[in-house]
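Taking this note's numbering, the leading residue of the sequence shown gets 214, the next gets one more, and so forth. Even glycine gets a Cβ: it sits at the ideal position worked out from N, Cα and C. Read through the structure below, which is laid out as structure tokens, and then see the notes.
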Amino acid sequence: MLKYIKSYLIDKKIYFIFVVVFFTKNLYAENIIARYEVTWNNVSLGNITWWYKIVDSNYEFLIKTEDAGFLSKVYKFSGENISRGIFKNNRFYSKEYYHTWKTKKKNKLIKIFFDKNYVKTLEMVPRQTNTPSLDFYSIDGVTDPVAAALELIINDKKQTVKNVFDGRRIFDITTLGGEQANDSQNPEFSQLKKYELKITNYRNIWKDHNKTELKKIEVITGVLKNSFRIPVSFKIKNSGLVFTVSYLDHKIYK
């Protein structure tokens with residue numbers, strides 16, 4: 214089971230789910246830092262911290278993940294995701310995307326630069342030597358997973374963002390649901406909503422990458438007193454396992 218959890222954290226890229234829901238009604242007023250805990254069967258696996266700001270229509274979103282609890286004793290890891298770009302007309306246009314993932318034996322890096330909704334450059338460490346299965350440089354309307362997820366939640370409706378690119382695969386993300394939800398454990402939130410995220414049209418870029426998909430992602434979001442809407446919890450279901458990402462606390466900065 215531990216071997217499967219390790220595989221899930223690395224190969225399934227559980228970090229991707231941490232970016233998929235964030236929205237504030239007052240985007241230009243404040244910055245926010247929030248912390249979350251990742252658990253499996255009530256066993257702590259890791260912590261997540263994310264930070265978001267917009268200045269003069271330029272957005273930046275930083276997500277940090279690190280081992281914690283039971284898993285930190287047998288498998289240490291840390292990761293970062295950074296997305297930078299332009300926020301215009303309720304849309305997030307990605308300019309830069311970075312991903313790092315570090316363990317005792319591995320050190321991975323992905324850098325993507327975008328220009329006019331096309332991939333401009335891609336850098337990967339370790340360097341990918343295989344021939345890509347498709348020409349991702351020629352695809353119009355490409356964005357990174359962070360920018361795509363932010364746009365979905367801002368529009369607060371059923372919508373699909375196509376051609377989401379994280380350096381290893383391209384896929385589409387659709388939001389379903391949006392009905393009211395309840396969460397008695399977090400009374401500081403109001404206007405709770407429950408979403409299901411569906412990932413489709415999943416295309417692996419590199420032949421050595423396993424052709425696997427996340428099965429089901431459930432998300433609950435809520436509004437804080439200052440009008441920020443942030444994630445309250447995630448449930449990620451795959452191959453009979455359920456991983457939960459739960460809100461711990463947050464800080465707001467002017």
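Look up residue i in the DSSP assignment and say whether it is helix, strand or coil.
i, result
"Lys286", "helix"
"Pro400", "coil"
"Ala247", "strand"
"Asp357", "coil"
"Ser257", "strand"
"Ser270", "coil"
"Leu405", "strand"
"Leu365", "helix"
"Ser307", "strand"
"Ser459", "strand"
"Ser440", "coil"
How many Å lie between residue i and residue j at the Cα?
i, j, result
"Thr434", "Arg442", "7 Å"
"Glu336", "Trp314", "14 Å"
"Phe290", "Lys277", "11 Å"
"Thr388", "Tyr272", "22 Å"
"Ser459", "Ile465", "18 Å"
"Lys301", "Ile386", "20 Å"
"Leu365", "Thr413", "15 Å"
"Glu392", "Thr262", "27 Å"
"Asp357", "Lys371", "19 Å"
"Ile430", "Lys375", "18 Å"
"Ser346", "Leu322", "20 Å"
"Glu401", "Thr316", "36 Å"
"Ser257", "Lys318", "22 Å"
Buried or exposed for residue i, please, with buried defined as at least 16 other CB atoms from any protein chain shown within 10 angstroms of its CB.
i, result
"Gly354", "exposed"
"Gly390", "exposed"
"Leu461", "exposed"
"Ser307", "buried"
Might you give, ordered along the chain, the residues of its own chain that have their beta carbon closer than 6 Å to the beta carbon of residue i, omitting 5 neighbours on each side?
i, result
"Phe274", "Tyr265, Ser296, Val359"
"Ile352", "Asn376"
Looking only at its chain, what residues have a beta carbon closer than 7 Å to the beta carbon of residue i, apart from the 5 residues adjacent to it on each side?
i, result
"Ser468", "No answer is possible for residue 468: the residues shown for the chain start at 214 and end at 467."
Residues in the same chain with beta-carbon distance under 8 Å from residue i, minus the five sequence neighbours each way, listed in chain order, please.
i, result
"Phe349", "Val332, Leu335, Val355, Phe378, Ile383, Ile418"
**Message:** I'd like to know if the segment 339–348 and the segment 285–303 are in contact, where contact means that at least 3 CB-CB pairs between them fall below 8 Å.
**Reply:** no
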